[in-house]
Amino acid sequence: MTVQWPLEVARAAGLAVVVFTFLAVVAAMLGVLLERKISGWIQSRLGPKHVGPQGLLQTVADTIKLLQKEHITPRAADVVVFNTAPLIVAVAGLLDWIVIPFGPGLIVRDLNIGVLFFAAMASLTVIGILAGGFASNNKYALLGGLRSASQMISYELPMGMALIAVAMEAGTLSTVGIVEAQQGWLGAFAIRQFPAFVIFLVAATAEVNRVPFDLPEAESELVAGYFSEYTGMRFALFQLGEYAEMFAMAALATTLFLGGWKGPLLPPVVWFLVKMYAVVFFLMWMRWTYPRLRLDQLLNLSWKLLLPAGLLWILITGYRISF
Amino acid sequence: MLLLDWLYVGVFAVVGLLMAALPLAVVWALAPRMPYPQKTLTYESGVVPFGQAWAQFHVRYYLFGLVFVIFDVEVIYLYPWAIVFQELGKFAFVEMLIFLTILLVGLAYAWRKGALEWM
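The listed protein sequences derive, respectively, from chains U and S. Under my numbering, the first residue of the first sequence carries the number 1, and numbering increases by one thereafter. Under my numbering, the first residue of the second sequence carries the number 1001, and numbering increases by one thereafter.
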């Protein structure tokens, strides 16, 4: 079979535009709106209500406003790195989605190392955050960036352990293969791999810097952390990357543990989105339930609890399958 | 087919960069640009910032970075094993048991030495 390269390049570019638009609209705009609405409801408020019906267009209005805002570059900053950092974060958030299967056949590319690829792309974000924090030449931003780096690398290990346990159970790293390995309700890896599921959820929350692990941008001590100096659309790109990453983690949790697109009656894509939004809702719920951890507590949780637990769980899974 | 997979990844990275730069171009066209000394000053809660942020920071960040690199490299070895150990049988499991034990001993050592403490 000959490959028609120009055609494939055009197809890839088209898909990239579609996925990026999907992220900007569904993950960033709808995500921020959901976040504000759910935050409001949990605190007995109404949330945004005035722009559009029930405040639905609030984030659209915000985007239009941000597009007209001046880009302020602090004169003490490292201009090139300062400008590149938001782009890195946004692109890293996009690349995750290459291996997410929305339904049978509805995947950009079923890479044979899908899960490993996802982990690698998700950890690209830390480079953008560290670069942004460092280039700002601002004390809050630098502290935020450093905290973020130490936090994200610490939680990458337990997350890797959870991913490996799932890969062992399924015998493949391809995300499509893992979804197909989960048969029926009881076959979902959330049940058979429950400890891995818990480790993954905790580590994923920490990886995307969300409460209770939001130290990098702890507003009560670090202003806004690594993006203190960012204004207008560059700030929005950081937000886009962050929400894209959060939705990607929810999508990966759906794929690896909740049976992906599988479910009765409804079309596969609907099932996938329902499960993904359920995980997103869970993350937002956590935000208003737990107080922020201290940095030493956060690192202890990763290194002294999740990492040994992950290693032990790999051993248990290996023993169960081998014998 | 493998080459095709990575072509997609490459195109995604390039197109993603362009798409992310698009709103920045819109801002360049639409938004005002009026920098003045007070505006481009580094933010420091409203006071004139003293010194640079590019100073020495605590060595403990490096410590965690080093421990991370060691463990991350070892985790990478687990990926190929996790895929094929079912076919390789019990022997592969016992081998990995030894490897993981060494890993756990390493973790215990770092723990005991206080590399995991946030002073």
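All C-beta atoms, glycine included, are put in the ideal place defined by N, C-alpha and C. As the structure is a prediction and not an experimental result, all values here were calculated from the model.
Can you have a look at S/Pro-1080 and say buried or exposed, based on whether 16 or more other CB atoms are within 10 angstroms of its CB? S/Pro-1080 is exposed by the Cβ-count criterion.
Can you list, in chain order, the residues of its chain whose CB lies under 7 Å from that of S/Trp-1118, leaving out five sequence neighbours each side? Arg-1060.
Considering only the alpha carbon of each residue, which of U/Arg-147, U/Leu-106 and U/Ile-153 lies closest to U/Lys-262? For U/Lys-262, the nearest C-alpha among the options comes from U/Leu-106.
Under 8 Å by Cβ, that's how I've got U/Val-60 and U/Met-29 pegged, so tell me the actual separation to the nearest angstrom. About 6 Å; that satisfies the 8 Å criterion.
Between which two residues does the alpha helix (DSSP H) containing U/Gln-54 stretch? Careful: U/Gln-54 lies outside any alpha helix (DSSP H) and carries neither H nor E.
At least one CB of chain S closer than 8 Å to the CB of U/Ala-120: is that the case? By this cut-off, U/Ala-120 is not an interface position.
Measure the CB-CB distance between U/Met-246 and U/Val-208 and report whether it falls below 8 Å. Result yes, Cβ atoms of U/Met-246 and U/Val-208 sit closer than 8 Å.
Using a Cβ-Cβ distance cut-off of 8 Å, determine whether S/Arg-1112 contacts chain U. With a threshold of 8 Å between beta carbons, S/Arg-1112 makes no contact with chain U.
Once the 5 residues before and after U/Val-280 are set aside, which same chain residues still bring their CB inside 8 Å of it? Cβ contact annotation for U/Val-280 (same chain, cutoff 8 Å, sequence separation greater than five): Gly-31, Leu-34, Met-246, Phe-247 and Ala-250, in chain order.
Under 8 Å, Cβ to Cβ, is there at least one residue of chain S near U/Lys-69? Taking Cβ atoms only, chain S reaches closer than 8 Å to U/Lys-69, which makes this a yes.
Taking Cβ positions only, does U/Ala-90 come closer than 8 Å to chain S? By the rule that beta-carbons nearer than 8 Å mark a contact, U/Ala-90 touches chain S.
Nearest-angstrom Cα separation, counted from U/Met-168 out to U/Phe-323: The straight-line gap from Cα to Cα measures roughly 14 Å.
Please state the DSSP three-state secondary structure of U/Ile-314. In the structure shown, U/Ile-314 sits in a helix (DSSP, three-state: H, G or I).
Return yes when the C-beta of U/Ile-164 is under 7 Å from any heavy atom of the ligand SAM, and no when it is not. As for the ligand SAM, it is missing from this structure, which has no ligand bound.
Pairwise C-alpha distance: U/Gly-145 and U/Arg-135: According to the sequence displayed, residue 135 of chain U carries Ala and not Arg. Going by the C-alpha atoms only, they are around 10 Å apart.
Spatial neighbours of U/Leu-95 within its chain, please: CB distance less than 6 Å, with the 5 preceding and 5 following residues excluded, ordered by chain position. Residues of the same chain with a CB within less than 6 Å of the CB of U/Leu-95, apart from the 5 flanking positions on each side, are Met-121 in chain order.
Return helix, strand or coil for U/Asp-214, following the three-state DSSP convention. Collapsing the DSSP output to three states places U/Asp-214 in coil.
Say whether the region 10-30 of chain U touches the region 1008-1021 of chain S, bearing in mind that this needs 3 or more beta-carbon pairs closer than 8 Å, one atom from each stretch. Segments in contact, yes.
Note down, in chain order, all residues in the region 289-306 of chain U with a beta-carbon under 7 Å from any beta-carbon belonging to chain S. For the region 289-306 of chain U, the beta-carbon criterion of a distance under 7 Å to any beta-carbon of chain S is satisfied by Leu-295, Asp-296, Leu-299, Trp-303 and Lys-304.
If you check the beta carbons only, do U/Ile-127 and U/Ile-88 fall under 8 Å apart? Against a cut-off of 8 Å, the Cβ pair of U/Ile-88 and U/Ile-127 comes out as a contact.
Between U/Arg-75 and chain S, is the shortest Cβ-Cβ distance under 8 Å, so that the two count as touching? Cβ-Cβ to chain S under 8 Å: yes for U/Arg-75.
S/Phe-1068: contacting residues in chain U (beta-carbon distance under 9 Å): Within chain U, the residues near S/Phe-1068 are Ser-150, Ile-153, Ser-154, Glu-156 and Leu-157.
S/Val-1075 (DSSP reduced to helix, strand or coil): Looking at S/Val-1075 - three-state DSSP - the assignment turns out to be helix.
U/Ile-164 in three-state terms, based on DSSP: Under the three-state reduction of DSSP, U/Ile-164 is assigned to helix.
Any beta carbon from chain U within less than 8 Å of S/Glu-1044's own beta carbon? Taking CB atoms only, S/Glu-1044 has a neighbour in chain U less than 8 Å away.
Can you tell which of U/Leu-265, U/Ala-309 and U/Gln-54 has the C-alpha that lies nearest to the C-alpha of U/Lys-37? The shortest C-alpha separation from U/Lys-37 is found at U/Gln-54.
Give me the Cα-Cα distance between U/Thr-205 and U/Leu-163, rounded to the nearest whole angstrom. Spanning the two alpha carbons is a distance of roughly 15 Å.
Consult DSSP for U/Leu-46 and reduce its assignment to one of helix, strand or coil. Residue state for U/Leu-46 is assigned as coil, using DSSP reduced to three classes.
By the criterion of Cβ-Cβ separation under 8 Å, what are the contact partners of S/Ile-1102 in chain U? What S/Ile-1102 touches in chain U, judged by beta-carbon distance under 8 Å, is nothing: the nearest beta carbon there is about 11 Å away.
What residue range is occupied by the uninterrupted alpha helix (DSSP H) comprising S/Phe-1017? It is Leu, not Phe, that sits at residue 1017 of chain S in the sequence shown. Annotation for S/Leu-1017: the continuous alpha helix (DSSP H) segment containing it runs 1002-1030.
Chain-order list of residues whose beta-carbon lies under 7 Å from that of U/Ala-165 (same chain, five-residue window excluded): So the qualifying residues of the chain are Gln-193, Ala-196, Trp-313, Ile-314 and Thr-317.
Collapsed DSSP secondary structure at U/Ser-136 in the structure displayed: Coil, per DSSP.
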